[in-house]
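12 is the number of the first residue of the sequence shown in the working numbering; add one for each residue after it. Take a look at the structure set out below.
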Amino acid sequence: MADRLKVLLQYLLPKQRLTTFAGRVAGAQGGRVTTGLIRWFVGKYGVDMDEAHDAEVRSYKSFNDFFTRPLKPGARPLAAGDFVCPVDGAISQFGAIEDHHILQAKGHRFTTTELVGGDKQLAAQFQHGSFANLYLSPRDYHRLHMPCDGRLSRMIYVPGALFSVNPVTARGVPNLFARNERVVCVFESPEHGPFVMVLVGATIVGSMATVWHGVVNPKRTNKVSEWTYEDRSILLKKGEEMGRFLLGSTVVMLFRQGVIDFNEDWAPGRQVRLGESMGNRPT
12 MADRLKVLLQ
22 YLLPKQRLTT
32 FAGRVAGAQG
42 GRVTTGLIRW
52 FVGKYGVDMD
62 EAHDAEVRSY
72 KSFNDFFTRP
82 LKPGARPLAA
92 GDFVCPVDGA
102 ISQFGAIEDH
112 HILQAKGHRF
122 TTTELVGGDK
132 QLAAQFQHGS
142 FANLYLSPRD
152 YHRLHMPCDG
162 RLSRMIYVPG
172 ALFSVNPVTA
182 RGVPNLFARN
192 ERVVCVFESP
202 EHGPFVMVLV
212 GATIVGSMAT
222 VWHGVVNPKR
232 TNKVSEWTYE
242 DRSILLKKGE
252 EMGRFLLGST
262 VVMLFRQGVI
272 DFNEDWAPGR
282 QVRLGESMGN
292 RPT
């Protein structure tokens, strides 16, 4: 019953206005007020500041500066293998794409075509492929990194809802990840072929940013926007930063059929860390 009430509240909340307000607060340079907010957040969520490049809370001018803080060099060594986990977070679901369908939670599935904004040709490349949905909680490090080497070919901004993406909502809101606002990043790997990383927006996620573009959605619109990079050489190495969330959310990855065997230690609900082994090519 408690979960049902939480989901119902998600439908009733003025999510757009809450997100706009949260974005303004997070971007404000409020001096002692900002420092107080950060101290509260660190205590509330148990954020480990010892691994931050700058552990002093007072050094952050805005909440966004704190939330997207870099880690100390060497804090996340890369595991050997073909694919590494791109974020700190928790596994929502992962495994095989059944035809075009991705498991969101028990009783809920969505299609790859819905996820990438309706592009059937792009989605078709991942028929019977593999997927991984990774959830970033408020306490996590919020920069996203590359699971393998890749050359950027396209980026698509897909407008949508702003439901929370926590586990309770994932179980209760159909088509959640293909329903929320998202940024679809399409890469080509020389070893593994095309793969996709989808940054999923959520309630009070002020914005999403990539290293090649900056903030993708400074002003939310109802129009799909697309950028192509065939005339540019944007190459990112395994483990290199590719983007960040201004407040927490979820990343969904798509790989072609026969490209990845996931780490045997992975399981839904398991905590994961940037740089740990995500899997290898089948032998």
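Every residue, glycine too, gets a C-beta built ideally from N, C-alpha and C. If you're wondering where the values come from, they're calculated on a predicted model, not measured in any experiment.
Under a Cβ-count criterion, where at least 16 other Cβ atoms within 10 Å of its own Cβ denotes burial, should residue i be classed as buried or exposed?
i, result
"Y152", "buried"
"N144", "buried"
"K131", "exposed"
"P158", "buried"
"H64", "exposed"
"Q104", "buried"
"V194", "buried"
"T232", "exposed"
"R87", "buried"
"K249", "buried"
"S288", "buried"
"D99", "buried"
"P97", "buried"
"S218", "buried"
"M60", "exposed"
"T123", "buried"
Considering only their Cβ atoms, is the gap separating residue j from residue i smaller than 9 Å?
i, j, result
"L155", "L82", "no"
"Y146", "I113", "no"
"V176", "N186", "no"
"S73", "Q40", "yes"
"L257", "A37", "yes"
"I167", "L265", "no"
"F188", "L126", "yes"
"Q136", "R267", "yes"
"H111", "A134", "yes"
"L246", "V222", "no"
"V262", "M208", "yes"
"V270", "G204", "yes"
Per the DSSP calculation, residue i is bridged to which residue(s)?
i, result
"S73", "Note: S73 sits in no beta bridge, so no partner."
"L210", "V194 and V262"
"W238", "M166"
"A172", "N191"
"G204", "S200"
"I102", "L145"
"V95", "S288"
"S218", "L257"
"D276", "Answer is none; D276 lacks a bridge partner."
"Q115", "Q115 pairs with nothing; no bridge assigned."
"G161", "L247"
"Q282", "A101"
"G225", "T221"
Which whole-angstrom value is the C-beta distance of residue i and residue j, which I expect to be below 8 Å?
i, j, result
"R182", "A116", "4 Å"
"S260", "A220", "Contact doesn't hold; Cβ gap of about 12 Å is too wide."
"R150", "V58", "5 Å"
"F121", "G290", "Not confirmed; about 22 Å, so no contact."
"R255", "T79", "5 Å"
*Would you say the stretch 187-203 touches the stretch 150-168, given that touching needs at least three Cβ pairs under 8 Å?*
yes
*asked:* If contact is defined by three or more beta carbon pairs under 8 Å, each pair taking one atom from either stretch, is the stretch 136-144 in contact with the stretch 50-59?
replied: no
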